[in-house]
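2 protein chains.
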Amino acid sequence: MPRKNFICGCYTERRNRYLEPSLLLLLWQKPAHGYDLLTSLEKMGFHESHPDPGAVYKKLRHMEEFNLVKSHWETTGGGPAKRLYRITKLGRNHLKNWVAVLQKRHAALENFLQQYTTLSDENQA
Amino acid sequence: MPRKNFICGCYTERRNRYLEPSLLLLLWQKPAHGYDLLTSLEKMGFHESHPDPGAVYKKLRHMEEFNLVKSHWETTGGGPAKRLYRITKLGRNHLKNWVAVLQKRHAALENFLQQYTTLSDENQA
DNA sequence: TACTGCTATATGATTTAATCATATAATAAG
DNA sequence: CTTATTATATGATTAAATCATATAGCAGTA
Numbered sequence: 576m577p578r579k580n581f582i583c584g585c586y587t588e589r590r591n592r593y594l595e596p597s598l599l600l601l602l603w604q605k606p607a608h609g610y611d612l613l614t615s616l617e618k619m620g621f622h623e624s625h626p627d628p629g630a631v632y633k634k635l636r637h638m639e640e641f642n643l644v645k646s647h648w649e650t651t652g653g654g655p656a657k658r659l660y661r662i663t664k665l666g667r668n669h670l671k672n673w674v675a676v677l678q679k680r681h682a683a684l685e686n687f688l689q690q691y692t693t694l695s696d697e698n699q700a
Numbered sequence: 576m577p578r579k580n581f582i583c584g585c586y587t588e589r590r591n592r593y594l595e596p597s598l599l600l601l602l603w604q605k606p607a608h609g610y611d612l613l614t615s616l617e618k619m620g621f622h623e624s625h626p627d628p629g630a631v632y633k634k635l636r637h638m639e640e641f642n643l644v645k646s647h648w649e650t651t652g653g654g655p656a657k658r659l660y661r662i663t664k665l666g667r668n669h670l671k672n673w674v675a676v677l678q679k680r681h682a683a684l685e686n687f688l689q690q691y692t693t694l695s696d697e698n699q700a
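Keeping their order, the protein sequence lines are chains A and B.
Residues 576 to 700 in the numbering used here are what the first sequence lists, from first letter to last.
Residues 576 to 700 in the numbering used here are what the second sequence lists, from first letter to last.
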């Protein structure tokens, strides 16, 4: 039986938004603090709307725990103190591993979409 | 501090293996039962090794609950009874929504990999 | 001064998909 | 009669994603 609220699949599924590799790439491009990264992430296209700030801050701390990034407080400049993150050598290495995974993923997606298109065309003809 | 067992990122992260859209596409191509789908999924390229049978059977039941697929028992033919799944009209519709999401995802991945390559080249030169 | 909005970080609770570990059973092959 | 293969299934655990919320500095303005 279908439930009242349709909560199955692409809309609600805990989707992998590639937060970790995205953050690593952005931090390789340029050291930044969490708040900056929120807007940068949005432009990367893995999020439909806004990325969740809580998720981003948590992920950054988590990555620091593993020495993928490191941070220090920045008190200079206006506004509240910022925690500036930079990527580490280990982080760059780790990103490389991510990229290998994402290349496969990209290829698999391409194949998937191709198959879908083919099937779609067949059923339309 | 990094933990003893490095459990961060691309190796261990609960990755989205696109189980739901994969199953829907495969079932659109051809009705099948769970055990068949295990091998078909492997060929789709979203899994590094073997897909987890438990996950597949659960997902199929879950999708049936939402009328995306329907099943019936097949007792004819050798071997233990099989539950043969077919996609429904709702399922095909739902797959279409998935595809829209995956097209965006595909584009975002392409952009990501492009940016990585650029940065990688810069740092090598 | 008080209020509002923006910048900035953070954490606790909840949800749920993914994973891990098993259990069951029919049949085919040796 | 034992083992491997085919086939489905479920309970427990883990961890990521999400939701809700708290804190606080500073800028502009009414």
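Beta carbons: idealized from backbone N, C-alpha and C, even for Gly.
Beta-carbon spacing of residue i, residue j below 8 Å
i, j, result
"R675 of chain B", "G620 of chain A", "Reading off the sequence, residue 675 of chain B comes out as Ala, not Arg. Contact flag unset, no."
"Y632 of chain B", "G666 of chain B", "no"
"L600 of chain A", "Q690 of chain B", "yes"
"A656 of chain A", "T663 of chain A", "no"
"R661 of chain A", "P606 of chain A", "yes"
"F687 of chain B", "L677 of chain A", "yes"
"L684 of chain B", "P596 of chain B", "no"
"N672 of chain A", "N591 of chain B", "no"
"L694 of chain B", "W603 of chain A", "yes"
"S646 of chain B", "E640 of chain B", "no"
Residues bridged to residue i [DSSP beta-bridge criterion]
i, result
"L659 of chain A", "A:H608, A:H647"
Coarse secondary structure for residue i, derived from DSSP in three states
i, result
"A682 of chain A", "helix"
"A700 of chain B", "coil"
"T692 of chain A", "helix"
"P577 of chain B", "Bear in mind that the predicted position of P577 of chain B carries a pLDDT of just 33, short of 50, making it too unreliable to give a figure here."
Practice item. Anything in the stretch 670-681 of chain B with a Cβ closer than 7 Å to a Cβ of chain A? List those residues in chain order, please. Key: N672, W673, V674, V676, L677, Q678, K679, R680, H681
Review point. Residue ranges of each beta strand (DSSP E) run of no fewer than 3 residues wholly in the stretch 579-654 of chain A, ordered along the chain?
Key: 644-649
Review point. At a Cβ cut of 7 Å, what residues of the stretch 601-627 of chain A count as close to chain B, listed as they run along the chain?
Key: For the stretch 601-627 of chain A, the set of positions with a beta-carbon nearer than 7 Å to some beta-carbon of chain B reads W603, Q604, M619, G620, F621 in chain order.
Point to revise | Members of the stretch 680-694 of chain B that neighbour chain A once the beta carbon cut-off is set at 7 Å | key: Listed in chain order, the positions of the stretch 680-694 of chain B with a beta carbon within less than 7 Å of a beta carbon of chain A are R680, H681, A682, A683, L684, E685, N686, F687, L688, Q690, Y691, L694.
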